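As they're listed, the protein sequences go chains A and B.
If you want the working numbering, it's the 1-based position in the first sequence plus 97.
If you want the working numbering, it's the 1-based position in the second sequence plus 97.
Positions of the beta carbon are idealized from the N, C-alpha and C atoms, including for glycine.
Since we're looking at a predicted model, the values are computed, not measured.
Protein chains: 2
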Amino acid sequence: MSKDKHRSNCPISCSLELWGDKWSLIIIRDLMFAKQCTYGDLLKSEEQISTNILAARLKTLEQNMVIEKLEHPNSKLKVLYKLTKKGIELLPILIEINLWGEKYYADIPDRTKALLKDVKKDKKSFIRRTMKKLDID
Amino acid sequence: MSKDKHRSNCPISCSLELWGDKWSLIIIRDLMFAKQCTYGDLLKSEEQISTNILAARLKTLEQNMVIEKLEHPNSKLKVLYKLTKKGIELLPILIEINLWGEKYYADIPDRTKALLKDVKKDKKSFIRRTMKKLDID
DNA sequence: ATTTGTACTTGTAAAATGCAAGTAAATATA
DNA sequence: TATATTTACTTGCATTTTACAAGTACAAAT
Chain A
98 MSKDKHRSNC
108 PISCSLELWG
118 DKWSLIIIRD
128 LMFAKQCTYG
138 DLLKSEEQIS
148 TNILAARLKT
158 LEQNMVIEKL
168 EHPNSKLKVL
178 YKLTKKGIEL
188 LPILIEINLW
198 GEKYYADIPD
208 RTKALLKDVK
218 KDKKSFIRRT
228 MKKLDID
Chain B
98 MSKDKHRSNC
108 PISCSLELWG
118 DKWSLIIIRD
128 LMFAKQCTYG
138 DLLKSEEQIS
148 TNILAARLKT
158 LEQNMVIEKL
168 EHPNSKLKVL
178 YKLTKKGIEL
188 LPILIEINLW
198 GEKYYADIPD
208 RTKALLKDVK
218 KDKKSFIRRT
228 MKKLDID
């Protein structure tokens, strides 16, 4: 009847209810920069997510159409996860978090620094290029 | 000895460890658009944070210099919370979350819509103006 | 002197997390 | 062909976090 699943209609609040935790954006980050990952790939991330949490997050993100499952071309045993358009559009958020984090935390990895240098040169272009790369199947 | 409090040195991961939960950015949002709030003001938000969670988050955010406490000019009983420079600089993240959320959730409040219309007209100018407003004590 | 307002703290049940181990099906290997 | 291994999960359980209700301490208003 009523749409009362949200604590409020504030877009920030609704967004946080979906991916506002310590893991969802890590998964999304990995998919954003690796394009496609298997479950095993995601487990390999430096942050060491545990298997049950990963499975739970993937399920929620899929149900909310942020990611989707794909058949692996070479194996029926493997599953490919990728971002949907809705997921890809989280890129500007990830970029701003990256930029803020770069400013306030030390020992940023070189890869990240290089990427952010590119971002700072021309943010819009970076977003366009990255999104385009992700969009091509 | 070692700086091993972080799961990784990824700026996204470090950021999420600090404010990657369902409440921190709600508090920061309120401070961003109200400039200064008392504890009671923050409790009044539509999302209905509970008192112990609010106290815990305020403590963490203060310890990490995202917010600071101020004396209330009219009362020793009240406490004013405001964003530090570090906190104010979360504005671009809040804006991008707002824009994403606006696109994927329904029934966005009119105030928010109006604000985002302004943002979309000229994002940089909006950020500059909002930050300036917050900076003036 | 008593009540109210404000910023918390405390207790406790419920939920989420983190870790270790287990399972089922597909594939690789002997 | 039989066995082992890989892959994507699930399950059980201890620990931690959350949510709700109530309580406390001090300032200020009545």
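Listed by position along chain A, the residues whose Cβ is nearer than 7 Å to that of B/S105 are E143 and E144.
Between the alpha carbons of B/F130 and A/S172 lies a distance of about 51 Å. Boundaries for A/L174: no beta strand (DSSP E) harbours it, and the DSSP string shows neither H nor E there. Taking B/L158 as the centre and dropping the five residues before and after it, the same chain places the C-beta of I164 closer than 6 Å to its C-beta, in chain order.
Around the CB of B/R126, 16 or more other CB atoms lie within 10 Å, so the residue is classed as buried. Assigned with DSSP and collapsed to three states, A/C107 falls in coil, not helix or strand. Scanning B/T181, B/R154, B/Y178 and B/I190 for the CA closest to the CA of B/W120 turns up B/R154.
Rounded to the nearest whole angstrom, the C-alpha separation of A/I224 and A/L188 is 7 Å. Apart from sequence neighbours up to five positions away, the residues of its chain that approach A/L167 with a beta-carbon distance below 8 Å are Q133, V176, L177, Y178 and K179, ordered along the chain. Counting along the chain, the unbroken alpha helix (DSSP H) around B/L188 starts and ends at L188 to Y201. Taking C-beta separations shorter than 7 Å and ignoring five residues to either side along the sequence, the partners of B/N161 in its chain run L115, following chain order.
In the structure shown, A/K217 adopts helical secondary structure according to DSSP, grouped into three states.
In summary, A/L174 is exposed, with fewer than 16 beta-carbon neighbours lying within 10 Å of its beta-carbon over all protein chains present.
The continuous alpha helix (DSSP H) containing A/I185 extends over residues K182 to I185.
Annotated three-state conformation of B/E143 is coil, per DSSP.
Listed as beta-bridge partners of B/K166 by DSSP are B/Y178. Listed along chain A are C107 and P108, each with a C-beta nearer than 7 Å to that of B/T209. The C-beta distance from A/G117 to B/C111 rounds to 16 Å, too long to fall under 8 Å, and the pair is not in contact. Judged by beta-carbon spacing, A/I109 lies beyond the 9 Å limit of B/L231, meaning their Cβ atoms are not closer than that value.
Identification of residues in the region 117-147 of chain B having a C-beta nearer than 7 Å to some C-beta of chain A yields G117, D118, K119, L122, I123, R126, E143, E144 and Q145, given in sequence order. Taking a Cβ-Cβ threshold of 7 Å, the residues of chain A close to B/G198 are P108, I109, C111 and S112, in chain order. At least 9 Å separates the CB of B/L177 from every CB of chain A.
Its chain contains F223 as the residues whose beta carbon lies nearer than 7 Å to that of A/D215, once the 5 sequence neighbours on both sides are disregarded; these appear in chain order. For the pair B/I150 and B/I185, the Cα-to-Cα distance works out to about 22 Å. Leaving aside the five residues that flank A/L213 on each side, the residues in its chain whose CB is nearer than 7 Å to its CB run, in chain order, N195, L196 and E199. Contacts with chain B at 9 Å (Cβ-Cβ) include A/I194. Within chain B, the residues placing a beta-carbon under 7 Å from that of A/I205 are N106 and P108, ordered along the chain. Scanning its chain for C-beta atoms nearer than 6 Å, with the 5 sequence neighbours on each side dropped, one finds around B/I205 the residues E199, in chain order. Any Cβ of chain A closer than 9 Å to the Cβ of B/L187 would place that residue at the interface, and such an atom is present.
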